[in-house]
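According to UniProt numbering, the residues represented by the sequence shown are 1 to 326, in order.
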Amino acid sequence: MSASKLISPFTGPLTPTAIETFLGQCEDAFEIYAATKAATSPELSVSTKIRMVGTQMQEPAMAAWWSAGRSDYLKLTSWKDFEKQIRSRFMPKGYKLMALRTFFRCSQAGLPFLDYAAALADARNAVGTSVISVAIYKYQLLFHAHHMLILRIMAMPDFDIDTINFDNLVALMAMQWDSLVAEGTARMTTAAPRLSQASPSVSATQPRLPPLTDAEKERLSAVGGCWRCRKVPKDTSWTPHVGRTCPGDAAQGISPGRDYVPQPQVQVKREPAGAVMLLPVRNDDGEDQPDLYPDDEDQPDLPPRFTAAFANIHTSTDDYFDDDTD
């Protein structure tokens, strides 16, 4: 039997997610063969499984690795041992911790819900389904969603997170998210997603800012700045916020904070004034200083000027003020 009929060629990339997916497909292929083979078909020995997988490693670095150690790999006593060899060679050091970090820091923020669910699924696949249980997977999906979506789901009287399966939970939350968006209660953002990388070898689309030092945090806090976007109140377009309510900065690849909710624009209805009134205008910051009259220096101080519809109409001040007016 041709190996290509049972196992698809692996051409890369050499990322934890891609490698885990390839190894999972190999195990599925072996199980399918065992379940569907004819009675006269031979069992797949360990060496046969290893050889079939090795010949399908067409990514250049992986193909060279297989070619150099083929004789040693074929002596292994189990398929699991060969999997360990592959992971040891091509998985980055500490990849599991990085994958766990990505999974547990994944949150929806202002993303469309299904995009968030897909990113969380990729993060779980990088860790391995045996490491992240279904229960933890459901808890992460729910409690790292948009805060309004969490409240909507928790308010449902018949909702039971322990009995609902994962696919039904995704469908329920997607439906409720669409409802929140339609109502205007929640809005999606087009900013860069607030998600850590699913694998350490995939480069980000925007360069990340270096972490803040304690001194930098103290400086930002002292002036009322934000630890997330690094902006301070004197910057243009500044609005008061902290890291979790940060609106982000698309130009720097900074996504909104987890609790950021875009503020709807309030339309102010403008109506024309119904009348013009003659009232004295007094300004406490010094703008009500009277003018000088060089042609009559003996003229007494005048009261505050009047705001009138026509400036050329002469009105006696005695008509409006008593003699003791300041």
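Backbone N, C-alpha and C fix where the C-beta goes; we use that ideal spot for every residue, glycine too. None of the values given here were measured: they were computed from a predicted structure.
So, are the CB atoms of residue i and residue j less than 7 Å apart?
i           : j           : result
residue 63  : residue 57  : yes
residue 90  : residue 14  : yes
residue 33  : residue 50  : no
residue 114 : residue 155 : no
residue 253 : residue 227 : no
residue 240 : residue 248 : no
residue 148 : residue 182 : no
residue 59  : residue 11  : yes
residue 328 : residue 88  : Missing from the structure shown is residue 328; the chain here goes from 1 to 326 and no further.
residue 245 : residue 259 : yes
residue 100 : residue 127 : yes
Enumerate in chain order the residues of its own chain whose CB-to-CB distance from residue i is below 6 Å, with the five nearest sequence positions on each side excluded.
i           : result
residue 184 : none
residue 8   : none
residue 18  : none
residue 296 : Low local confidence applies: a pLDDT of 46 at residue 296 is under 50, so the model's placement there is unreliable, with the coordinate-based value given in what follows. No residues qualify anywhere along the chain.
residue 66  : 54, 57
residue 224 : 233
residue 76  : 82
According to DSSP, residue i sits in a beta bridge with which residue or residues?
i           : result
residue 10  : 57
residue 249 : 254
Excluding the five sequence neighbours on either side, which residues of its own chain have a C-beta within less than 7 Å of the C-beta of residue i, listed in chain order?
i           : result
residue 152 : 176, 180
residue 159 : 153
residue 6   : 29, 33, 52
residue 26  : 7, 53
residue 217 : 227
residue 85  : 73
Smallest Cα separation from residue i: which of the options?
i           : options            : result
residue 124 : 61, 250, 141       : 141
residue 171 : 157, 138, 182, 155 : 138
residue 102 : 144, 164, 71, 216  : 144
residue 167 : 127, 215, 117      : 117
residue 212 : 229, 223, 224      : 229
residue 97  : 132, 233, 119      : 132
residue 24  : 136, 83, 36, 61    : 83
residue 71  : 121, 231, 250, 48  : 48
With a threshold of 6 Å, establish whether the CB of residue i neighbours any heavy atom of the ligand FAD.
i          : result
residue 88 : No copy of the ligand FAD appears in this structure; indeed no ligand is present at all.
Taking 8 Å as the limit between beta carbons, can you name the residues of its chain near residue i, skipping five residues before and five after?
i           : result
residue 68  : none
residue 164 : 138, 172
residue 146 : 108, 109, 110, 113, 177, 180, 186
residue 238 : 231, 232
* Asked: How about the region 39-51 and the region 105-114: do they share at least three Cβ pairs that are nearer than 8 Å?
  -> Flag = no, the region 39-51 and the region 105-114 do not touch.
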